[in-house]
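Following: one structure in structure tokens, then a few remarks.
2 protein chains.
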Amino acid sequence: MSTSADSQPETAATYDASRYERPSVTVDLAIFTLKDRELHVLLVKRRNWPFEGHWALPGGFVEMHESLDQAARRELEEETGVQNVYLEQLYTFGDPERDPRTRVISVAYIALIGADMHQLHVSDESIDVNWFPVRELPGPLAFDHSKILDVALSRLRSKLEYTTLAFQLLPEVFSILELKHIYEQILGEQLDKGNFYRKIKEAGVLEPTGQLREGRGRPTHLYRFKRTRADADFVFRWREAKVEDEA
Amino acid sequence: MSTSADSQPETAATYDASRYERPSVTVDLAIFTLKDRELHVLLVKRRNWPFEGHWALPGGFVEMHESLDQAARRELEEETGVQNVYLEQLYTFGDPERDPRTRVISVAYIALIGADMHQLHVSDESIDVNWFPVRELPGPLAFDHSKILDVALSRLRSKLEYTTLAFQLLPEVFSILELKHIYEQILGEQLDKGNFYRKIKEAGVLEPTGQLREGRGRPTHLYRFKRTRADADFVFRWREAKVEDEA
DNA sequence: ATAATTAGTGTAGAATTAACACTAATAGAT
DNA sequence: ATCTATTAGTGTTAATTCTACACTAATTAT
Chain A
1 MSTSADSQPE TAATYDASRY ERPSVTVDLA IFTLKDRELH VLLVKRRNWP FEGHWALPGG
61 FVEMHESLDQ AARRELEEET GVQNVYLEQL YTFGDPERDP RTRVISVAYI ALIGADMHQL
121 HVSDESIDVN WFPVRELPGP LAFDHSKILD VALSRLRSKL EYTTLAFQLL PEVFSILELK
181 HIYEQILGEQ LDKGNFYRKI KEAGVLEPTG QLREGRGRPT HLYRFKRTRA DADFVFRWRE
241 AKVEDEA
Chain B
1 MSTSADSQPE TAATYDASRY ERPSVTVDLA IFTLKDRELH VLLVKRRNWP FEGHWALPGG
61 FVEMHESLDQ AARRELEEET GVQNVYLEQL YTFGDPERDP RTRVISVAYI ALIGADMHQL
121 HVSDESIDVN WFPVRELPGP LAFDHSKILD VALSRLRSKL EYTTLAFQLL PEVFSILELK
181 HIYEQILGEQ LDKGNFYRKI KEAGVLEPTG QLREGRGRPT HLYRFKRTRA DADFVFRWRE
241 AKVEDEA
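For the protein sequence lines, the chains are A and B, in the order given.
Going left to right, the first sequence walks through residues 1 to 247 as our numbering numbers them.
Going left to right, the second sequence walks through residues 1 to 247 as our numbering numbers them.
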């Protein structure tokens, strides 16, 4: 056993963390929303070396006084202006070669923004910050961000099946068929209408608003998500989980 | 939008990572094995401030040249001497107060050691390194390690249900009822013998060795785990996934 | 009116699960 | 040598859940 941080620490007097070279730590965010009935991810364009001109996931350094979650939420607000949206830690990427500048360890997060909120800040139409459909990205991303995005999508698909995560992508009120559409978007597969109706109703996570919305055909009932806990989670399982390739 | 590492980088000329104060980064490991038919975790006793005398998860600093996985595997080998065992990243803990000495961000890993390998190195019976049954720990752990261990156990239970992870805790050859016992240990619940036999056989992940082992009653057939991929994963699902509280 | 369109319900067969009764092969006791 | 305890392993059935698809409902456009 050689020297190690927690198992073989020094005394308070002799402890000196600066003996060890330390990496930079950033948070990077895969921020998703639903636009034009398609799943989109927020990307920023790099203006400098390395990967100049490539698109990247938004992110930034973790400051010394804040937790990882706080850092992620701060970056999220800086990029989008939104608050109180779903945020969850995804995975930590630490390949020593992932950033050519210096050793950077990135703690990646997933954020989901409701379909009624995605315009707030990014609407300045800056050409450097934009939403892209996940199935039509602007070339390979900077750093290992393509890989991070892959892992994020994989996690998203997996969690969709046993959590109520999908609701986070919808506006405050929505119809059942809109919800079904999200599942189809993320899972990339067609679902049966009848079975979906039955299952989602059994789950008891829908709160009818009483409202109707008129459209081309029969008007649809509108619902909101019944929050049984403060946070969105673990109530409705569309079906049993399939494989999540996360390692 | 303020300055951020990846989205608003400097030019190569002006880039200077040392402007930012950097945290220390460690890996901490929840190393599990099966001893005396019970799930055990490896702990090390702290000899210095802070948490002197408390038990902690083994771990150590990430070095500048190695990836996180490499750091975890190095620490694992240093503590236990074992190689080629199951290792997976769990979660990253970054509360600024989690270590009173300095800012330390810990990337936590789970490792599973087969029942026939857990004696190799730790057998020196050092009073500072020892296996403990997870349901009978020696007091509250140092730092936030109790929380890390909770998350690890939760993840373990969850993945057990849709992966072949349990095999990693068994010796090279084993009986079906021994496998069932592991599931019961980790899930904390009794399973039906008949249903277990049927399901595990249907799954086609068992390779009969032809061997029999005599015991008190009828001799049992011995099997080994049929590795369909290099890594252990994603073949046998005992039942559909329950809740994993990981956030 | 009638067709087109979107919303929503019913239902029957297939597949899976859960509970538990049953059979099998050994060691040790009588 | 037979009986009993013990561990191993199989069969069966009823209940539940899933799947596919046919059907009914309410509106707008023509």
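Even for Gly, the Cβ is constructed at its ideal location relative to N, Cα and C.
Where A/Leu-68 meets chain B, residues with beta-carbon distance less than 9 Å: For the purposes of this step, residue 68 of chain A is identified with residue 68 of the first sequence, where counting begins at 1. At a beta-carbon threshold of 9 Å, the residues of chain B lying near A/Leu-68 are Thr-92, Phe-93, Gly-94, Asp-95 and Ile-105, ordered along the chain.
Quick one: does A/Glu-21 have its CB under 8 Å from some CB of chain B? Mapped onto the first sequence, residue 21 of chain A falls at position 21. For A/Glu-21, the closest Cβ of chain B is nearer than 8 Å.
Sub-8 Å separation of A/Phe-143 and A/Ala-30 beta-carbons: For the purposes of this step, residue 143 of chain A is taken as residue 143 along the first sequence, with counting starting at 1. For the purposes of this step, residue 30 of chain A is taken as residue 30 along the first sequence, with counting starting at 1. A/Phe-143 places its beta carbon 8 Å or farther from that of A/Ala-30.
Local Cβ density within 10 Å of A/Arg-73, reported as buried at 16 or more and exposed below that: Residue numbering aside, residue 73 of chain A sits at position 73 when the first sequence is read from its first letter. That one is buried.
Please report how far the alpha carbon of B/Thr-80 lies from the alpha carbon of B/Leu-112, in whole angstroms. Stepping through the second sequence from its first residue, residue 80 of chain B is reached at position 80. Stepping through the second sequence from its first residue, residue 112 of chain B is reached at position 112. Answer to the nearest angstrom: the Cα atoms are 11 Å apart.
Whole runs of the alpha helix (DSSP H) within the stretch 157–215 of chain B, excluding any shorter than 4 residues: As far as the stretch 157–215 of chain B is concerned, its whole alpha helix (DSSP H) runs of at least 4 residues are 176–187 and 193–203.
Could you tell me which of B/Val-82, B/Thr-209, B/Ile-182 and B/Val-104 sits nearest to A/Glu-21, measuring between CA atoms? Sequence index remark: in the first sequence, residue 21 of chain A carries index 21 (1-based). Ranking the options by Cα distance to A/Glu-21, first place goes to B/Val-104.
Give me whichever residues DSSP pairs with A/Lys-45 in a beta bridge. The residue labelled residue 45 of chain A in the question sits at position 45 within the first sequence. A/Trp-55, per the DSSP bridge assignment.
Paired residues, beta bridge with A/Ala-221 - DSSP: The count along the first sequence starts at 1 and reaches residue 221 of chain A at position 221. Note on identity: in this sequence residue 221 of chain A is His, with Ala being the wrong assignment. Here A/His-221 is bridged, per DSSP, to A/Leu-212.
Helix, strand or coil: which one does DSSP assign to A/Lys-35? As a first step, residue 35 of chain A is located in the first sequence; it is residue number 35 there, counting from the start. If DSSP states are grouped into helix, strand and coil, A/Lys-35 belongs with the strands.
Can you tell me whether DSSP reads B/Thr-80 as helix, strand or coil? To locate residue 80 of chain B, count along the second sequence from 1; it is residue 80. The DSSP-derived three-state label of B/Thr-80 is helix.
If we ignore side chains and look at the alpha-carbon of each, how far apart do B/Glu-254 and A/Ala-71 end up? Outside the displayed span of chain B (1 to 247) sits residue 254 of chain B, for which this structure offers no information.
Please tell me whether A/Gly-60 and A/Thr-26 are closer than 8 Å, where the distance is taken between their beta carbons. Taking the first sequence and counting its residues from 1, one reaches residue 60 of chain A at position 60. Taking the first sequence and counting its residues from 1, one reaches residue 26 of chain A at position 26. Taking the C-beta atoms as reference points, A/Thr-26 is found nearer than 8 Å to A/Gly-60.
For B/Asp-28, three-class secondary structure by DSSP: For the purposes of this step, residue 28 of chain B is taken as the residue at position 28 of the second sequence. In this structure, DSSP gives B/Asp-28 an extended state, which the three-state scheme calls strand.
Is there a C-beta anywhere in chain A that falls below 8 Å from the one on B/Val-62? As a first step, residue 62 of chain B is located in the second sequence; it is residue number 62 there, counting from the start. Judged by the 8 Å Cβ criterion, B/Val-62 is in contact with chain A.
So, is A/Glu-178 buried or exposed, given that buried needs 16 or more other C-beta atoms within 10 angstroms? Mapped onto the first sequence, residue 178 of chain A falls at position 178. A/Glu-178 should be labelled buried.
Got a sec: which bits of the stretch 70–90 of chain B sit with their beta carbon under 7 Å from any beta carbon on chain A, in order along the chain? For chain A, the residues of the stretch 70–90 of chain B that bring a beta carbon within less than 7 Å of one of its beta carbons are Glu-75, Glu-78, Glu-79, Glu-88 and Gln-89, in chain order.
Chain B residues whose Cβ lies nearer than 7 Å to that of A/His-65: Residue 65 of chain A sits at position 65 when you count from the first residue of the first sequence. Residues of chain B passing the Cβ test: Pro-96.
Cα-Cα, which of B/Phe-225, B/Gln-119 and B/Met-64 is closest to B/Glu-207? Position 207 of the second sequence, counted from the start, is the residue given in the question as residue 207 of chain B. Of the candidates B/Phe-225, B/Gln-119 and B/Met-64, the one whose C-alpha sits nearest the C-alpha of B/Glu-207 is B/Phe-225.
Nearest-angstrom Cα distance between A/Gly-215 and A/Asp-192? Residue 215 of chain A sits at position 215 when you count from the first residue of the first sequence. Residue 192 of chain A sits at position 192 when you count from the first residue of the first sequence. Taking the straight line joining both Cα atoms gives about 22 Å.
Compare the C-beta of B/Thr-11 against all C-beta atoms of chain A and say whether one is closer than 8 Å. On the second sequence, position 11 is the one that residue 11 of chain B refers to. Model confidence at B/Thr-11 stands at a pLDDT of 39, short of 50, so the residue's coordinates are unreliable; what they give is reported in the following sentence. Yes, contact with chain A.
On a Cα-Cα basis, can you pick out the residue from B/Pro-23, B/Lys-45, B/Leu-39 and B/Leu-34 that is closest to B/Asn-130? For the purposes of this step, residue 130 of chain B is taken as the residue at position 130 of the second sequence. When each option's Cα is compared against that of B/Asn-130, the closest is B/Lys-45.
Continuous beta strand (DSSP E) stretch holding A/Val-104: start and end: Position 104 of the first sequence, counting from 1, holds the residue named residue 104 of chain A. Residues 104–113.
Distance between A/Ser-24 and A/Asp-116 (C-alpha atoms, nearest Å): Within the first sequence, numbered from 1, the residue matching residue 116 of chain A stands at position 116. Within the first sequence, numbered from 1, the residue matching residue 24 of chain A stands at position 24. Between A/Asp-116 and A/Ser-24, the C-alpha separation is close to 35 Å.
Bounding residues of the beta strand (DSSP E) (the contiguous stretch that carries B/Phe-132): Position 132 of the second sequence, counted from the first residue, corresponds to residue 132 of chain B. Run containing B/Phe-132: 129–133, per the beta strand (DSSP E) assignment.
Answer with buried or exposed for A/Gln-168, where buried requires no fewer than 16 other C-beta atoms within 10 angstroms of its C-beta. The residue labelled residue 168 of chain A in the question sits at position 168 within the first sequence. Classification of A/Gln-168: buried, given that the 10 Å Cβ count is 16 or more.
Going by C-alpha distance, which of B/Gln-211, B/Ala-203, B/Gly-204 and B/Arg-157 is nearest B/Glu-189? Along the second sequence, read from residue 1 onward, the residue named residue 189 of chain B stands at position 189. Looking at the Cα atoms, B/Arg-157 is the closest of the given residues.
For A/Arg-135, count neighbouring C-beta atoms within 10 Å of its own C-beta (all shown protein chains included) and say buried if the count is 16 or more, exposed if not. The sequence position of residue 135 of chain A within the first sequence is 135, counting from 1. Under the 10 Å beta carbon count, A/Arg-135 is surrounded by fewer than 16 other beta carbons and is classified as exposed.
Whole angstroms is fine: what's the gap from B/Glu-78's alpha carbon to B/Asn-195's? Indexing the second sequence from 1 puts residue 78 of chain B at position 78. Indexing the second sequence from 1 puts residue 195 of chain B at position 195. Spanning the two alpha carbons is a distance of roughly 41 Å.
Look up B/His-145 in the DSSP assignment and say whether it is helix, strand or coil. Residue mapping note: residue 145 of chain B aligns to position 145 of the second sequence, counting from 1. Note: B/His-145 maps to helix in three-state DSSP.
Hey, out of A/Gln-119, A/Val-62 and A/Arg-101, whose CA is closest to A/Val-107's CA? Taking the first sequence and counting its residues from 1, the one referred to as residue 107 of chain A is at position 107. The candidate whose alpha carbon is nearest that of A/Val-107 is A/Val-62.
Can you grab the Cα-Cα spacing for the pair B/Leu-141 / B/Lys-147, in whole Å? As a first step, residue 141 of chain B is located in the second sequence; it is residue number 141 there, counting from the start. As a first step, residue 147 of chain B is located in the second sequence; it is residue number 147 there, counting from the start. Going by the C-alpha atoms only, they are around 9 Å apart.
Along the chain, where does the beta strand (DSSP E) containing A/Leu-90 start, and where does it finish? Reading the first sequence from its first residue, position 90 is the one you call residue 90 of chain A. Unbroken beta strand (DSSP E) run through A/Leu-90: 86–93.
Whose C-alpha, out of B/Asp-99, B/Pro-58 and B/Leu-39, is nearest the C-alpha of A/His-248? Here chain A has residues from 1 to 247 only, and residue 248 of chain A is not among them.
Nearest residue (CA-CA) to B/Leu-165, options B/His-54, B/Val-85 and B/Glu-38: Residue 165 of chain B sits at position 165 when you count from the first residue of the second sequence. Of the candidates B/His-54, B/Val-85 and B/Glu-38, the one whose C-alpha sits nearest the C-alpha of B/Leu-165 is B/Val-85.
Taking only the alpha-carbon atoms, compute the straight-line gap between A/Asp-69 and B/Glu-97 and give it to the nearest angstrom. Position 69 of the first sequence holds residue 69 of chain A. Position 97 of the second sequence holds residue 97 of chain B. In a straight line, the C-alpha of A/Asp-69 is about 14 Å away from that of B/Glu-97.
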